[in-house]
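First comes the structure, then the notes that go with it.
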Amino acid sequence: MAEAAHQEKHGFQTEVKQLLHLMIHSLYSNKEIFLRELVSNAADAADKLRFRALENDGLYENDSELHVKISVDKEAGTVIISDNGIGMNREEVIANLGTIAKSGTKDFFSKLSGDSAKDSQLIGQFGVGFYSAFIVADSVTVRSRAAGADPSEGVEWISDGEGEFTVAEINKPSRGTEIVLHLREDEKEFLDDWRLRSIVSKYSDHISIPVQMWKKETPERDGPDGEKIPAEPGKWEVVNKATALWTRDKADITDEEYKEFYKHISHDFADPLTWAHNRVEGKTEYTSLLYIPAKAPFDMWNRDQKHGLKLYVQRVFIMDDAEQFMPTYLRFVKGLLDSNDLPLNVSREILQDNKVTQALRQGCTKRVLQMLERMAKNDSEQYQGFWNEFGNVLKEGPAEDFSNREKIAGLLRFASTHNDTDAQTVSLADYVERMKEGQKQIYYVTADNYQAAKNSPHLEIFRKKGIEVLLLGERIDEWLMSHLTEFDEKQFQSIAKGDLDLGDLDDEETKKAQEEAEKQVEGILERAKSALGSKVVDVKFTHRLTDSPACIVADENGMSTQMVKLMQAAGQQVPEVQYQFELNPEHQLIHKLSDVQDESLFKQWIEVLYDQAALSEQGSLKDPSSFARNLNSLLMSLSK
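Residue 592 in the UniProt record's numbering sits at position 592 of the sequence shown, with consecutive numbering throughout.
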């Protein structure tokens, strides 16, 4: 190999420096995973070459036997992992080994605490891949050449992981990537051939690419019965099963193998919550292996971030992140799909409107929802853990997947007035089972957060009558309820929109008392409407309140307060919401206000009540200074 030329020095991206430091100190107790990560990357490179070679067979360069090789040089203190996969050019080496181009990076580092044990869990969610090499090595050399490139276009990358790396041009006759780990003095255990073989067997048995290690030559020797055993020359020996795990019979695969395969495809350190492995035959023939992770990745909330399944066609790797087979609201699902019905030269464009794609998507979606239903039924604690991580993503489902709306609704969890906690543990089935006799609707209230929902004045009559109300305080909740109209033939009803009619839940005696209360202050409605003018659509009496004197209510078919905020946050222009102002005729303050004869003073009082109600509903006022002036004026008049 020619001496390196045109050497350049580069600095690591700031996040890479932080990650390298954290890995060396936080993942030390699980340091053997470096080999799993590097072998996994090498296998991916081989898969990518196989796919590219479908259109350009010349990329194989007369070497189509793909493999990963691991060798040891005890004298030099190095472990070498090499592959004859797709390889990298100079720009790819700098981009892939010098930066972390992953959304959620900033959020990831903001969550690090300095506690090694806790931080290692976070690093596992983020994924480390190549950088795990620095757990055991104080220096790493990478030599790579892209398939199809000239041997003179090889690249050598060298770094000690301290902040800088050098890149130089080299001559590399063979395509692919070679990683040389210069082990730390206290990591020489990994120079042991048997130790490396056991790690490969533990973590990489399921990889379909052969992982080879050098078997030393053995001299001629005597057998147990005195016969001569001939000498064997040294050779490369396959040390993993090299059979794609998903092609094997489920009965022959252990849970540990399933878990390790998950870590291979996801680069997650934690075990998955659950998985489903299925072979389907009929109109469409395919195998799916789908996993539900235990922890949410940091880029989950970026809907534009690539997500999806690994796609294989007839066991040939086609693409990562094939999003066509999994709806966006299930973007947390990891796994793969191996189809016998798609063409080997399939592209993302062909997949978009393909009937086979639609059938596969429906099948995979159904399988995931079944997994979640089974988990919710058999292990509520495990499901609650899932919900805490992914619940808000699942809430996108009713808007996206009409055909599975009822199933998704059954998987949703909410906070409610039944529990004095913000934990989202109440299912809709739980709610329906607890509904009062004569109750026909599922009541809910949306707000900026749980506390605002819990303290909404709209809840007062429901608390008095012991009627459960769902408390929705997440930003996604308003979007969810605009698409979720019923469950188990029960309609959803926002308690902050439209007129409140409790129907059979109100007895005749209560209704008579309410009518009597209204008669005592009946003149106040016209006066209030005149004072407020165009601020309100109408002024009415309400019996939804018990402790508050007034509230504002959006139109039944209009846009709610939370939906307006959601649209505005997305940068959309929305018309101003017109509210109905409702007065509690049983409240002492309304009785006193009804007796005020001075119309100017009455106007100040009614405007203060309206602004109080608006503040409670909206969280802010359009004209807070007017509210302050009115309030100060009234306080001054009381002190005279």
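Even glycine gets a Cβ: it sits at the ideal position worked out from N, Cα and C. Since this is a predicted model, take the numbers as computed values, not measurements.
Straight-line Cα distance separating residue j from residue i
i: Asn278; j: Trp301; result: 29 Å
i: Asn632; j: Gln578; result: 27 Å
i: Ser594; j: Tyr431; result: 40 Å
i: Ala42; j: Val68; result: 6 Å
i: Phe34; j: Pro457; result: 57 Å
i: Asp401; j: Asp598; result: 58 Å
i: Arg50; j: Val368; result: 29 Å
i: Thr254; j: Glu260; result: 10 Å
i: Tyr450; j: Val356; result: 44 Å
i: Asp57; j: Arg175; result: 14 Å
i: Ala276; j: Lys366; result: 11 Å
i: Cys364; j: Gln352; result: 16 Å
i: Arg221; j: Trp194; result: 22 Å
i: Val155; j: Ala137; result: 20 Å
i: Leu219; j: Glu256; result: Here residue 219 turns out to be Pro, not Leu, going by the sequence shown. Going by the C-alpha atoms only, they are around 38 Å apart.
i: Ile158; j: Ser71; result: 19 Å
i: Gly163; j: Ala133; result: 15 Å
i: Asn404; j: Phe462; result: 31 Å
Cβ-Cβ distance between residue i and residue j below 8 Å
i: Thr274; j: Met375; result: yes
i: Ser82; j: Glu185; result: no
i: Val608; j: Asn630; result: yes
i: Tyr329; j: Glu285; result: no
i: residue 644; j: Gly335; result: Limits of the chain in this structure are 1 at one end and 640 at the other, which puts residue 644 out of reach.
i: His591; j: Gln514; result: no
i: Thr78; j: Leu245; result: no
i: Leu191; j: Lys31; result: no
i: Asp271; j: Ala296; result: no
i: Ala554; j: Ser548; result: no
i: Val280; j: Ile318; result: no
i: Phe325; j: Leu372; result: no
i: Tyr203; j: Arg36; result: yes
i: Asp205; j: Thr287; result: no
i: Leu428; j: Ala399; result: no
Residue from the options whose Cα sits closest to the Cα of residue i
i: Ala447; options: Ala496, Arg348, Gln424; result: Ala496
i: Leu394; options: Ile350, Arg331, Asp299; result: Arg331
i: Arg248; options: His264, Ser208, Val239, Tyr262; result: Ser208
i: Glu65; options: Gln573, Asn84, Glu55, Lys74; result: Asn84
i: Phe581; options: Glu617, Leu566, Gly571, Gln573; result: Glu617
i: Leu502; options: Ile442, Met559, His267; result: Ile442
i: Arg143; options: Ala409, Tyr131, Val93; result: Val93
i: Ser600; options: Gly571, Ser637, Ile158, Pro575; result: Ser637
i: Ser40; options: Thr510, Gly129, Gly391; result: Gly129
i: Ala452; options: Val167, Leu484, Thr417; result: Thr417
i: His267; options: Pro343, Gln612, Asp379, Leu38; result: Leu38
i: Glu460; options: Asn404, Ser534, Lys535, Thr542; result: Thr542
i: Glu237; options: Ile229, Tyr131, Met213; result: Met213
i: Trp605; options: Ser620, Asp299, Ala531; result: Ala531
i: Leu54; options: Gly466, His264, Val313; result: Val313
i: Ile292; options: Asp320, Tyr262, Lys283; result: Tyr262
i: Thr166; options: Ala146, Leu97, Gly223; result: Leu97
Under the three-state DSSP convention, the category residue i falls into
i: Ser339; result: strand
i: Arg143; result: strand
i: Trp301; result: coil
i: Ile265; result: helix
i: Glu460; result: helix
i: Met319; result: strand
i: Leu289; result: strand
i: Leu472; result: strand
i: residue 641; result: Because the chain here runs from 1 to 640, residue 641 falls outside it and cannot be looked at.
i: Phe414; result: strand
i: Ile408; result: helix
i: Gly308; result: coil
i: Glu526; result: helix
i: Leu545; result: coil
i: Gln125; result: For Gln125, the predicted structure reports a pLDDT of 47, less than 50, and the residue's modelled location is therefore unreliable. The matter cannot be settled from this model.
Endpoints, the alpha helix (DSSP H) within which residue i is located
i: Asn378; result: 355-378
i: Thr425; result: Looking at the DSSP string, Thr425 is not in any alpha helix (DSSP H), and its letter there is neither H nor E.
i: Trp214; result: Counting along the chain, Trp214 falls outside any alpha helix (DSSP H), though it belongs to the beta strand (DSSP E) covering 211-215.
i: Asp193; result: 193-203
Residue i: first and last residue of the uninterrupted beta strand (DSSP E) it sits in
i: Phe602; result: Premise fails: Phe602 lies in the alpha helix (DSSP H), 599-618, not in any beta strand (DSSP E).
i: Gly154; result: 154-159
i: Gln514; result: Note, Gln514: premise wrong, no beta strand (DSSP E); alpha helix (DSSP H) at 508-520.
i: Tyr450; result: Taken as a continuous stretch (DSSP letters only), Tyr450 belongs to no beta strand (DSSP E), being part of the alpha helix (DSSP H) at 450-454.
i: Lys540; result: 536-541
i: Ile33; result: First-last for Ile33: 33-52, but that is the alpha helix (DSSP H), not the beta strand (DSSP E).
i: Ala554; result: 550-554
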